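Report on the structure given below.
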Amino acid sequence: MFTRTILPAFILPFLLSTPLLAQERITLKKAVALGVDQYGTAKAKQAYAAASKAMTAEARREYIPNLGLSAQADYGTVNGQFGPQYSFGGILATAAGPTTATQNWTAAFGGLYLANINWDFFAFGRAHEKIKTAKAAAVRDYDDWQQEIFKQKVRVAGAYLNLIAAQQLTRSYEKNLTRADTFRQIIITRAKNGLVAGVDSSQANAEYSSAQIQLTKAMDYQQEQNSQLAQFIGEPMQDFLLDSFFVSRVPNISTDTTISSEHPLLKWYQSRIDVSREQTKYFKTFYYPTFSFAGFLQTRGSGFGYDYATNPSSYNTDYWQGITPTRTNYLLGIGISWNLTQPYRISQQVKAQKLTSKGLQYEYELANQQVEAQLKLADVKIKNALINYTQVKVQVKAASDAYTQKAVLYQNGLTTLVDLTQASYALTRAETDRDIAYANVWQALLLKAAAVGDFSLFENQL
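Numbered per the numbering used here, the sequence shown spans residues 95 to 556.
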């Protein structure tokens, strides 16, 4: 009996956090706000979006020239020697001194102070494309955050409407139980007085038990919906006091069947494509050479004298004397570097990225098709829900009148308990159909808002 409730396909559970005050009435808007504020996945994606924004700023700063300062104080010998050498792994120690016939262990202090700058000032747009790629990634992660918030709003609203329907169903089955119990007592009394057959009291007891079972099932379903809403809004399990007044009226449903250009899900899919395309452009810049500017200023101090090569006694072991700068050099230069095998390697990376973009485009097209199908389904469901909304009023009145008539006839011995029971069934079914029909109008509107990509289409009707 509960499978008639309409639910958008993607309304599934998620979360947990701080308690509401007991019996505090919670509106749908408040439930949605709680669901968004306390949704862990949305918080995580918000952090990812902020991180991507920071990486955009980092990409801009990478174009700034490298400026380094260094200073060192050393103590050692200055034996020179002729011969080839190469620094494997960057490990090499050199000494500037004369070549002597024998090893000389004379040592003194020295100092080296260096300021250098290097700047890749032109690389055929490489820095610019890196910045654009970082910006696209930031937009992608922001859109991912927003589409997660959008989906969570729809989930919470759907769970809220389901709980309203469940609570109304429970009340209808409570009324059914009350009716069954009232007539059970009347029938038992009349049977004891011999006014009706004894079998009627047995049948009345059976109908009362059936009504009790139906109510128990309804209460169990209501607790399931309570649990789901509690998870979505991050609250402890409790009997929520909801605002159900709006469900009794028909919302102003827009006839627009156009998918919003700002649809959160589709925007996210498109931003993924944009990132992949920017990455392709960035990789292509590695085909070309890099133009660099370099400059340095170096000053040195040494405990060895300028004439140490001819006068081995011309050195000073004093620390401050050794590290005091005495000679300075500078250099300015422009260079070009081009790894000629780089295009051969990068070409496959570019190809792979283009294929990735193609795959992401297919995913976007599939998502768009699904959204369009969902929008058409939503329009059909709205139409059917409005028809049912109109008819259930007639159904409930007719079933209520029929039940009242059968009850009076039975009390006067003019009809059987079977006829009265059938009238009771019809009234209960009409009441539960009414409860579901009211909720289904709003569920259909929520489904349309989800398909259009504009939650305000639903929220503005509350």
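Just so it is clear, CB atoms sit at the ideal spot from N, CA and C, and this is done for glycine as well.
Owing to the predicted nature of the structure, the values given are computational and were not obtained by experimental measurement.
Problem set entry | Any 3 or more C-beta pairs closer than 8 Å across the region 307 to 319 and the region 261 to 279 | Between the region 307 to 319 and the region 261 to 279, the count of C-beta pairs closer than 8 Å reaches three or more; the two stretches touch.
Problem set entry | Chain-order list of residues whose beta-carbon lies under 6 Å from that of Arg-278 (same chain, five-residue window excluded) | Only residues of its own chain outside the window of five on either side were considered, and among them Ala-298, Tyr-302 have a CB closer than 6 Å to the CB of Arg-278, listed in chain order.
Exercise. What's the gap between the Cα of Thr-509 and the Cα of Leu-503?
Worked result: Using only the alpha carbons, I get a separation of about 6 Å.
For this session: Sort Ile-158, Asn-210, Asn-506, Val-486 by Cα distance to Asn-423 and report the nearest one.
Result: When each option's Cα is compared against that of Asn-423, the closest is Asn-210.
For this session: Whole angstroms is fine: what's the gap from Ala-230's alpha carbon to Val-341's?
Result: In this structure, the CA atom of Ala-230 is about 42 Å from the CA atom of Val-341.
For this session: For Asp-412, count neighbouring Cβ atoms within 10 angstroms of its own Cβ and tell me buried if that reaches 16, exposed if not.
Result: With fewer than 16 other Cβ atoms within 10 Å, it is exposed.
Problem set entry | Asn-210 - partner residues in DSSP beta bridges | DSSP, once it has assigned bridges, lists Gly-162, Phe-390 as partnering Asn-210.
Problem set entry | Coarse secondary structure for Ala-202, derived from DSSP in three states | In the three-state DSSP reduction, Ala-202 falls in the strand class (E or B).
Exercise. Which first and last residues belong to the beta strand (DSSP E) in which Leu-424 is found?
Worked result: The sequence given here has Tyr at residue 424, not Leu. Judged by DSSP secondary structure, Tyr-424 falls within the beta strand (DSSP E) whose first and last residues are 421 to 431.
Exercise. What distance in whole Å lies between the Cβ atoms of Pro-345 and Val-56, which are believed to be in contact at a cut-off of 8 Å?
Worked result: The shown model of the chain, from 95 to 556, leaves out residue 56, and the question about it has no answer.
Exercise. Can you give the Cα-Cα distance for Ala-145 and Trp-199, rounded to whole angstroms?
Worked result: Their backbone Cα atoms lie some 56 Å apart in a straight line.
Exercise. Among residues of its own chain, excluding the 5 on either side of Asp-548, which ones have a beta-carbon nearer than 6 Å to its beta-carbon?
Worked result: Taken in chain order, the residues that qualify are Ser-354.
Exercise. For Arg-523 and chain B, any beta-carbon pair shorter than 8 Å?
Worked result: Absent here is chain B; the protein component of the structure consists of one chain.
Problem set entry | Cα-Cα separation between Tyr-376 and Gln-197, rounded to whole angstroms | Cα to Cα, the separation comes out at about 55 Å.
Exercise. Count the other CB atoms within 10 Å of the CB of Gly-252; is the residue buried (16 or more) or exposed (fewer)?
Worked result: Gly-252 is buried by the Cβ-count criterion.
Exercise. Would you call the CB atoms of Leu-271 and Leu-309 closer than 8 Å?
Worked result: Yes.
For this session: Give the DSSP bridge partners of Arg-119, in chain order.
Result: Partner(s): Leu-335.
Problem set entry | Between the CA atoms of Ala-388 and Leu-128 - distance to the nearest angstrom | Going by C-alpha positions, Leu-128 is about 57 Å away from Ala-388.
Problem set entry | Test item: CB-CB of Leu-393 and Tyr-169 under 8 Å | Per the sequence shown, the amino acid found at residue 393 is Thr instead of Leu. Their beta carbons are not under 8 Å apart, which means Thr-393 does not touch Tyr-169 by this criterion.
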